[in-house]
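Residue numbers (full-length UniProt numbering): 1 to 132. Single-structure report; data block below.
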């Protein structure tokens with residue numbers, strides 16, 4: 001699992017794994033635009049189902065500029081993740097620099113109605129070096 005998802009963070013019974021890949025076909029370095037896809041797997045190792053309600057991202061580009069993204073759900077869904085199950089999704093992130101990082105958290109609700117935050121591990125966005 002480690003090679004497929006190099007970055008992981010566990011909060012309580014929930015583990016968030018991330019793999020990011022640079023997409024040259026969607027990037028335009030000459031125009032100052034680099035684009036990555038990131039694949040997230042959320043694993044619920046708890047005894048009860050959890051539901052993802054909201055996301056909170058902190059995206060930092062190579063110049064240190066921080067951009068915060070908050071919203072309901074992920075990719076238009078608020079998935080209910082059963083005990084012992086996992087949920088995968090893929091999304092994308094453009095940057096104005098060839099490097100950056102993303103990190104954040106998901107707000108979840110447990111079966112008993114309690115709310116809790118789950119950490120999304122910090123992961124690097126790095127475009128391959130391009131010869132001048």
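Every residue gets a Cβ at the ideal spot worked out from N, C-alpha and C, and that includes glycine. Remember, predicted model here, so these are calculated numbers, not experimental data.
Specify, as a first and last residue, the run of the beta strand (DSSP E) that residue i falls within.
| i | result |
| --- | --- |
| residue 68 | 66-72 |
| residue 107 | 99-110 |
| residue 8 | 7-11 |
So what's residue i in DSSP terms, helix, strand or just coil?
| i | result |
| --- | --- |
| residue 30 | helix |
| residue 131 | For residue 131, the predicted model reports a pLDDT of 45, less than 50, meaning its position is unreliable and no value from the coordinates is stated. |
| residue 24 | helix |
| residue 17 | strand |
| residue 114 | coil |
| residue 1 | Below a pLDDT of 50, predicted positions are generally treated as unreliable, and residue 1, at 44, falls in that range; the measurement from the model is reported next regardless. Residue 1 falls in the coil class under three-state DSSP. |
| residue 41 | strand |
| residue 85 | coil |
So who's on the other strand from residue i, going by DSSP bridges?
| i | result |
| --- | --- |
| residue 75 | Its beta-bridge partners do not exist; DSSP assigns none. |
| residue 35 | 94 |
| residue 80 | 51 |
| residue 119 | 105 |
Please tell me whether residue i and residue j are closer than 9 Å, where the distance is taken between their beta carbons.
| i | j | result |
| --- | --- | --- |
| residue 118 | residue 16 | yes |
| residue 34 | residue 98 | yes |
| residue 125 | residue 108 | no |
| residue 53 | residue 87 | no |
| residue 79 | residue 36 | no |
| residue 104 | residue 120 | yes |
| residue 22 | residue 123 | no |
| residue 96 | residue 65 | yes |
| residue 116 | residue 11 | yes |
| residue 90 | residue 40 | yes |
| residue 31 | residue 106 | no |
- If we count Cβ pairs, one from each stretch, closer than 8 Å, do we get three or more for the segment 38-49 versus the segment 57-70? Using a Cβ-Cβ distance cut-off of 8 Å, the segment 38-49 and the segment 57-70 are not in contact, since fewer than three pairs of beta carbons, one from each stretch, lie closer than that value.
- Message: I'd like to know if the segment 22-38 and the segment 72-83 are in contact, where contact means that at least 3 CB-CB pairs between them fall below 8 Å.
- Response: Not touching, per the Cβ criterion.
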